[in-house]
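Chemist: Protein chains in written order, with our numbering: chain A, 1 to 160; chain B, 161 to 544.
For each residue, glycine too, the CB sits at the ideal point set by N, CA and C.
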């Protein structure tokens with residue numbers, strides 16, 4: 001008799017617990033319009049706002065005179081764990097006739113970058129920063145190797 | 161010496177896959193590309209009818225030699241690699257490495273950085289347990305919880321994205337503190353999350369914990385005793401389900417864990433349901449830790465001043481932290497240079513996986529996935 005009692009009790013508790021879960025699922029089925037969670041990615045591109053700290057790719061900042069703040073000190077190159085950055089320097093002749101080390105080409109391999117932010121931390125002049133772009137797919141791998149300083153750009157006055 | 165020809169000869173006495181059959185009827189392979197193993201884990205299972213005679217995990221499919229890689233990276237650089245091990249608790253892995261380097265440098269971390277670190281750790285633990293809860297319910301056949309879990313996890317990911325700049329592999333902990341200060345919106349958004357999640361965790365219980373089907377699938381399944389759990393080296397929630405006191409946050413408190421109030425959750429049943437309950441209760445504890453700290457972030461620096469090039473003195477350093485899966489240890493041998501001479505990571509998943517054979521043996525094949533679900537395995541953490 002005790003066995004039968006337990007059995008019936010178990011059946012009822014099973015039904016009750018299932019109904020409880022079903023009730024919750026049903027609630028969400030009825031209220032799905034108020035709580036919309038999923039965003040359809042390519043359609044929401046216009047209203048998609050990424051936080052300002054989001055790490056998409058490394059870019060070099062240029063002002064309106066096409067001037068950057070990179071001195072070519074290679075601190076970022078040394079800080080990078082994956083050899084993503086390669087800096088080629090040249091020697092500029094200053095008006096006083098002295099030789100001065102300056103940036104020639106800032107090569108950035110996007111395909112090797114893990115967005116660890118160590119280069120931006122290492123930069124003493126804040127010449128580079130992380131951009132919010134994230135759609136990096138291209139058909140040719142070579143397109144991922146980028147030169148970050150714009151053609152004809154030169155270093156800002158007063159940055160050592 | 162064990163020569164190659166001898167290995168081939170020995171194999172002829174067992175099975176082509178190298179498993180001792182022990183009179184089993186059938187040997188089946190689960191994985192390495194099977195959705196239920198949550199990664200590239202290869203299990204060779206010897207069966208007798210439906211009863212499991214032996215489970216043998218074959219590892220190495222996602223081995224990236226992270227330990228060897230770290231030997232060529234400097235003490236600032238190697239931390240980011242460890243986010244790729246246990247990617248669900250990447251903050252806590254980074255934390256362990258940063259602690260070990262700080263121990264070598266004898267560096268004092270500012271109070272603000274300590275609190276931020278603990279906050280991030282607990283949020284990561286919550287996110288990890290949420291994903292585990294969804295995946296665990298999916299393993300036993302319920303699909304809805306997975307979507308509910310991801311809804312809450314998305315809130316934590318958004319908070320991480322805003323402050324750290326990335327969603328999964330943050331690289332936020334650096335030797336001496338944290339990389340950048342918290343975002344001005346951080347506290348408001350975490351408080352929003354706390355009030356949101358407090359209601360939702362009751363829904364979790366309503367939907368899965370109380371369900372009779374779920375309870376029948378997990379109760380008295382995958383039993384491991386306290387002694388066996390210790391001898392297999394299990395740690396974290398999986399071992400605490402068997403009554404082992406092993407919470408590093410309580411036993412060897414680091415940062416501000418000795419100042420916050422929380423309980424070490426211990427269940428004594430040792431079955432799958434006990435391990436499930438430990439994680440469910442741990443989520444509430446993590447929530448209470450976040451609640452205690454979020455309004456009490458002290459002012460000050462978020463990073464201690466360090467030299468440009470870090471050099472650890474000659475010697476051996478070991479630090480351990482409690483990740484969402486258990487005891488994570490970092491062991492550095494330094495020769496006094498800028499790169500470590502040797503690094504060893506003690507990952508919790510490896511030891512927890514070794515107990516799978518003991519748990520599943522004698523059980524049914526249908527229960528194997530449920531047992532694996534309660535172990536909360538992350539395969540890149542096991543292989544490294």
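(1) Determine the extent of the beta strand (DSSP E) in which residue 205 of chain B is found, giving its start and end residues.
(2) For the segment 63-74 of chain A, list every residue whose C-beta sits within 8 Å of some C-beta in chain B, in sequence order.
(3) Considering only residues of the segment 205-235 of chain B, which uninterrupted alpha helix (DSSP H) runs meet the minimum length of 4 residues and lie entirely inside it, listed in chain order?
(4) Under 7 Å, CB to CB, which of the residues in the segment 118-136 of chain A have a partner in chain B?
(5) Can you list, in chain order, the residues of its chain whose CB lies under 8 Å from that of residue 442 of chain B, leaving out five sequence neighbours each side?
(6) So that I know if they touch, is there some Cβ in chain B lying closer than 8 Å to that of residue 5 of chain A?
(7) Would you identify the three-state DSSP class for residue 355 of chain B, choosing helix, strand or coil?
(8) With DSSP run on the structure shown, which of helix, strand or coil describes residue 377 of chain B?
(9) What are the partner residues of residue 101 of chain A, as DSSP defines its beta bridges?
(10) At a CB-CB cut-off below 7 Å, which residues of chain B make contact with residue 54 of chain A?
(11) Just the Cα atoms here: how many angstroms apart are residue 247 of chain B and residue 353 of chain B?
(12) Short check: CB of residue 472 of chain B to CB of residue 265 of chain B, under 8 Å?
(13) Under 8 Å, Cβ to Cβ, is there at least one residue of chain B near residue 115 of chain A?
(14) Looking at the C-beta of residue 151 of chain A, does it have a partner C-beta in chain B at a distance below 8 Å?
(15) Where does residue 395 of chain B land, buried or exposed, given buried means 16+ other C-beta within 10 angstroms?
(16) For the alpha helix (DSSP H) containing residue 23 of chain A, list its first residue and its last residue.
(17) Rounded to the nearest angstrom, what separates residue 209 of chain B and residue 520 of chain B at their Cα positions?
(18) Just how far apart, CA to CA, sit residue 486 of chain B and residue 106 of chain A?
(19) Could you name the residues of the segment 339-372 of chain B whose beta carbon sits closer than 8 Å to any beta carbon of chain A, in the order they occur along the chain?
(20) So, with DSSP's three-state summary, where would you put residue 422 of chain B?
(21) Do you know offhand how far residue 315 of chain B's Cα is from residue 346 of chain B's?
(22) At a Cβ threshold of 8 Å, is residue 277 of chain B touching chain A?
(23) Mind the definition here: the segment 230-242 of chain B touches the segment 483-500 of chain B only if three or more C-beta pairs lie below 8 Å; say whether that holds.
(24) What do you reckon, are the CB atoms on residue 260 of chain B and residue 511 of chain B nearer than 8 Å?
(25) Mark residue 97 of chain A as exposed unless 16 or more other C-beta atoms lie within 10 angstroms of its C-beta, in which case mark it buried.
(26) Using 8 Å as the limit for Cβ to Cβ distance, is residue 331 of chain B near chain A?
(27) Consider the Cβ of residue 483 of chain B: report whether some Cβ of chain A lies at a distance smaller than 8 Å.
(28) Terminal residues of the continuous alpha helix (DSSP H) containing residue 263 of chain B?
(29) So is residue 83 of chain A in contact with chain B if we call contact Cβ pairs under 8 Å?
(30) Under 9 Å between beta-carbons, which chain A residues line up against residue 233 of chain B? List them in chain order, please.
(31) Does the contact criterion of 3 or more C-beta pairs under 8 Å hold for the segment 198-214 of chain B versus the segment 513-529 of chain B?
Modeler: Taking the definition as stated:
(1) Looking up residue 205 of chain B in the second chain gives position 45. It spans 202-208 - the beta strand (DSSP E) in which residue 205 of chain B sits, taken as one unbroken run.
(2) none
(3) Counting only runs of at least 4 residues, the segment 205-235 of chain B fully encloses the following alpha helix (DSSP H) elements, listed from N- to C-terminal order: 226-230.
(4) 118, 121 and 130
(5) One-based indexing of the second chain puts residue 442 of chain B at position 282. Once the five neighbours on either side are set aside, the close Cβ partners of residue 442 of chain B are 285, 289, 397 and 425.
(6) Start at 1 with the first residue of the first chain, and residue 5 of chain A comes out as number 5. False, the Cβ-Cβ gap to chain B never drops below 8 Å.
(7) The count along the second chain starts at 1 and reaches residue 355 of chain B at position 195. Here residue 355 of chain B sits in helix by DSSP.
(8) By 1-based counting over the second chain, the position of residue 377 of chain B is 217. DSSP places residue 377 of chain B in helix when its eight states are reduced to three.
(9) Along the first chain, read from residue 1 onward, the residue named residue 101 of chain A stands at position 101. Per DSSP, A/91.
(10) By 1-based counting over the first chain, the position of residue 54 of chain A is 54. Result: 321 and 325.
(11) In the second chain, counting from the first residue as 1, residue 247 of chain B sits at position 87. In the second chain, counting from the first residue as 1, residue 353 of chain B sits at position 193. Their backbone Cα atoms lie some 22 Å apart in a straight line.
(12) Numbered from its first residue, the second chain carries residue 472 of chain B at position 312. Numbered from its first residue, the second chain carries residue 265 of chain B at position 105. Yes; because the gap between Cβ atoms is below 8 Å, this pair is in contact.
(13) Residue numbering aside, residue 115 of chain A sits at position 115 when the first chain is read from its first letter. At least one beta carbon of chain B lies nearer than 8 Å to the beta carbon of residue 115 of chain A.
(14) One-based indexing of the first chain puts residue 151 of chain A at position 151. Chain B, which has no Cβ nearer than 8 Å to the Cβ of residue 151 of chain A, makes this no.
(15) For this step, residue 395 of chain B is matched to residue 235 along the second chain. Taking every protein chain shown into account, the CB of residue 395 of chain B has 16 or more other CB atoms within 10 angstroms, so this residue is buried.
(16) The residue labelled residue 23 of chain A in the question sits at position 23 within the first chain. That run of the alpha helix (DSSP H) goes 2-30.
(17) The residue labelled residue 209 of chain B in the question sits at position 49 within the second chain. The residue labelled residue 520 of chain B in the question sits at position 360 within the second chain. Residue 209 of chain B and residue 520 of chain B: Cα-Cα distance of roughly 14 Å.
(18) Locating residue 486 of chain B in the second chain gives position 326, counting from the first residue. Locating residue 106 of chain A in the first chain gives position 106, counting from the first residue. The alpha-carbon atoms of residue 486 of chain B and residue 106 of chain A are separated by roughly 43 Å.
(19) 339, 340, 343, 363, 366, 367, 368, 370, 371 and 372
(20) Reading the second chain from its first residue, position 262 is the one you call residue 422 of chain B. DSSP places residue 422 of chain B in coil when its eight states are reduced to three.
(21) Translated into positions along the second chain, residue 315 of chain B becomes position 155. Translated into positions along the second chain, residue 346 of chain B becomes position 186. One C-alpha to the other measures close to 12 Å.
(22) For this step, residue 277 of chain B is matched to residue 117 along the second chain. By this cut-off, residue 277 of chain B is not an interface position.
(23) yes
(24) Against the second chain, residue 260 of chain B aligns to sequence position 100. Against the second chain, residue 511 of chain B aligns to sequence position 351. No, these two residues do not count as a Cβ contact at 8 Å.
(25) One-based indexing of the first chain puts residue 97 of chain A at position 97. Under a 10 Å Cβ-count criterion, residue 97 of chain A is classified as exposed, with fewer than 16 other Cβ atoms of the shown protein chains found around its own Cβ.
(26) Here residue 331 of chain B corresponds to residue number 171 of the second chain, with the count starting at 1. So yes, residue 331 of chain B belongs to the interface.
(27) On the second chain, residue 483 of chain B is found 323 positions in, with the first residue counted as 1. Chain A contact via Cβ: absent.
(28) If you number the second chain from 1, residue 263 of chain B lands on position 103. 250-265 is the span of the alpha helix (DSSP H), which, as asked, contains residue 263 of chain B.
(29) Against the first chain, residue 83 of chain A aligns to sequence position 83. For residue 83 of chain A, the answer is no, since every Cβ of chain B falls outside 8 Å of its Cβ.
(30) Here residue 233 of chain B is taken as the residue at index 73 of the second chain, counted from 1. The contacting residues are 81.
(31) yes
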